[in-house]
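First comes the structure, then the notes that go with it.
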Amino acid sequence: MIETANELGHVAMQEGEVFIEADTAAALSVGIAALAAGYAERGIGAAAVGAMAEDEDLFVNGLILTVLPETIVILALVVVFIV
Amino acid sequence: MSLVGSSNPEYVVARVRARRGMLYSTEEYRKLTRMSPSEIARFMEESTYEAEINALGSRHGGVDLIEYALNANLAKQFEEVLDWSEGELYDLIVRYLRKFDAGNVKTVIRGIYTDAGREAIETDLIRAGEFDDRLIRRLLEAESIEAVVEILEGTIYGEPLAAAYEEYEETDVLVPLENAVDRAFYEQLLGNLPRGEPVRQYETFLKAEIDFRNADNALRLARSGAEIDPAEYFIDGGELFDRDTLARLARDLDELVEYIADSDYADELGPALRELEEADSLIAFEHATDTALLTYGDKLGTMHPVSVTPVISYILAKEREVENIRAIARGKEAGLSATEIEEELVIT
């Protein structure tokens, strides 16, 4: 299986055809990661606001938990510098 | 509602969980059982019940103050939960909370039947259901039972009440009307439930509640030996009984107890059933059904964290708290000792 994949890769490289540019791929990875972070934050944010409405002391905790998924985007951003 | 669904359950669940954390603990109940009614009122004033105690403090006193403050707070909390929730979540929560509407309708009908004043009826209402203030005001202003039936036209109680009203006119007893209200409530309870695992859990809980209600009624009928058709009181939708088995079993207490002991609820209700056979007391059985429901409710709250189940779990716990405090206050008024009152409480 892996061997065939390898061979396929060789063939593709020999032909010089690129499926997707590296820069485009990096941009996509950041974009999709940001979407995922947004999706995750939607639920956490709603819950955090709910908790804050009951007890205002929870503001800091709520804020931290809400932006935690943002780390996915930072990790995805690393890809941009690697390629 | 967006493409990925709304994040409303998260919001409601977070608020409800915070509220749940503020409910009285076992430790606080122990303190309450050692207080006098006025001390209980003061203790409540320092917790979530502050606004209600202050608002009602000038008009009522003693145990009445506690009772009305409890009802008002229960209504306020549940109304808020309904305010927060939307869409499917609202639909699922309101199903259960409509039982307060049903209770209010019955209170109003009974009040008119016994010629109680508007004030007296109003203080006994628990405005926790779906009815808005306008509808309730119209119900309170109604002069006759016929007017009540007319006002409720268009709600789920309209048609069954209209049908039962004829029977009421012939016999002049309230039973057909009250049965019609109950039946309308239980019919909407299990009708058209949406799909999904959390909803299944909720359904199991609702069915257990109906089963327990049927079992309670059947046991009471069997014990009293009254010549009432058990099928009249049968509530449809449970797993344990169908109309015929209930009608048959309600005539024979031993057979009924055996039937419940062999059912799926044997684990939860077994000890209470034994007590029922020995001491001939229904109280233990009713407590056992309450505890079983509450334990199941607690379990519900943790299995599916973001769904309707934690909300229902909170609603049950809150209802239980209100009933416990009421039991403590009434027990104190009647001069029961702390240990006797503690036996009356349902705490998990």
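Chain order of the listed sequences is A and B.
The opening residue of the first sequence carries number 13 in the working numbering; numbering runs sequentially from there.
The opening residue of the second sequence carries number 19 in the working numbering; numbering runs sequentially from there.
Just so you know, even glycine gets a beta-carbon here, dropped at the ideal spot from N, CA and C.
Have a look at the options and flag the residue whose alpha-carbon is nearest the alpha-carbon of residue i.
i      : options                        : result
A180/B : E304/B, D190/B, V191/B, V199/B : V199/B
V101/B : A236/B, D247/B, P27/B, V191/B  : Looking at the sequence itself, residue 101/B is Asp, so the reference to Val does not match. Ranking A236/B, D247/B, P27/B, V191/B by Cα distance to D101/B puts P27/B first.
V123/B : L311/B, S162/B, E361/B         : S162/B
F230/B : E257/B, L211/B, E205/B         : E257/B
N342/B : G319/B, T309/B, V326/B         : T309/B
Q95/B  : N235/B, E196/B, V34/B          : V34/B
L274/B : A236/B, V126/B, P289/B         : A236/B
E215/B : D262/B, P323/B, T357/B         : P323/B
L159/B : E171/B, E140/B, G172/B         : Here residue 159/B is Glu; the residue named in the question, Leu, does not match the sequence. The residue with the shortest Cα to Cα distance from E159/B is E140/B.
A32/B  : S325/B, E63/B, G353/B, L170/B  : S325/B
I301/B : R238/B, E276/B, I127/B, T357/B : R238/B
N210/B : G255/B, T189/B, D234/B, E185/B : G255/B
G353/B : Y29/B, M53/B, V30/B            : M53/B
G121/B : L312/B, Y108/B, I144/B, V99/B  : I144/B
Quick check: the Cα distance between residue i and residue j, rounded to an integer number of angstroms?
i      : j      : result
E304/B : E187/B : 34 Å
A39/A  : R37/B  : 44 Å
V329/B : S25/B  : 15 Å
E168/B : D150/B : 17 Å
L157/B : A134/B : 14 Å
R345/B : I174/B : Inspection of the sequence shows that residue 345/B is occupied by Ala rather than by Arg. Rounded to whole angstroms, A345/B to I174/B spans 33 Å at the Cα level.
A58/A  : Y283/B : 38 Å
L47/A  : E66/A  : 29 Å
Y183/B : V166/B : 10 Å
A226/B : V90/A  : 54 Å
E361/B : E177/B : 43 Å
L363/B : L294/B : 18 Å
V193/B : E276/B : 30 Å
A52/A  : T66/B  : 33 Å
D260/B : A279/B : 17 Å
V126/B : R116/B : 15 Å
D142/B : H78/B  : 13 Å
E68/B  : I253/B : 38 Å
E131/A : V191/B : Given that chain A is displayed from residue 13 to residue 95, the structure contains no residue 131/A and the question cannot be resolved.
Output needed for residue i: all residues of its chain with C-beta closer than 6 Å, excluding positions within five of it in sequence on either side, in chain order.
i      : result
E137/B : none
G43/A  : none
M64/A  : L70, F71, G74
A45/A  : I84, V85, A88
M321/B : none
I130/B : I163
V95/A  : A34, A38
Checking 8 Å against the spacing of the C-beta atoms, do residue i and residue j come in under that value?
i      : j      : result
A59/B  : L92/B  : no
T13/B  : Y220/B : The structure shown does not extend to residue 13/B, since chain B spans only 19 to 366, so no value can be given for it.
N232/B : L271/B : no
A60/A  : T36/A  : no
Y47/B  : I365/B : yes
E148/B : V112/B : yes
V217/B : L110/B : yes
L287/B : T307/B : yes
A240/B : T51/B  : no
L207/B : L224/B : yes
P212/B : E106/B : yes
Ordered along the chain, which non-local residues of its own chain (more than five positions away) have a Cβ less than 8 Å from that of residue i?
i      : result
L74/B  : L83, Y86, A87, A90
N197/B : A182, E250, Y251
L312/B : L334, A335, R338, V364, T366
If I measure Cβ to Cβ from residue i and keep anything under 7 Å in the same chain, skipping five residues before and after, which residues do I get?
i      : result
L41/B  : A335, K336, E339
V81/B  : P55, A347, R348, E351
S20/B  : Because the pLDDT of S20/B is 49, which lies under 50, any placement of that residue in the model is unreliable, and the number read from its coordinates should be weighed accordingly. Same-chain partners within the cutoff: there are none.
S281/B : L258
L267/B : A236, E273, L274, Y277
V103/B : Here the sequence assigns Ser to residue 103/B, which means Val is not the residue at that position. Same-chain partners within the cutoff: N26, V30, I111.
Next on the checklist: Please give me, in chain order, every unbroken run of the alpha helix (DSSP H) with length at least 4 that falls completely inside the region 69 to 119 of chain B.
Outcome noted: 80 to 102
Item to check | Completely contained alpha helix (DSSP H) runs for the region 196 to 279 of chain B, where each covers 4 or more residues | outcome: 215 to 242, 261 to 267, 271 to 279
Item to check | alpha helix (DSSP H) runs contained entirely in the region 121 to 200 of chain B, provided each spans 4 or more residues | outcome: 136 to 142, 151 to 159, 163 to 169, 176 to 189
Checklist entry - In the region 278 to 339 of chain B, which residue ranges form an unbroken alpha helix (DSSP H) of at least 4 residues, counting only runs that do not cross its ends? => result 284 to 297, 300 to 321
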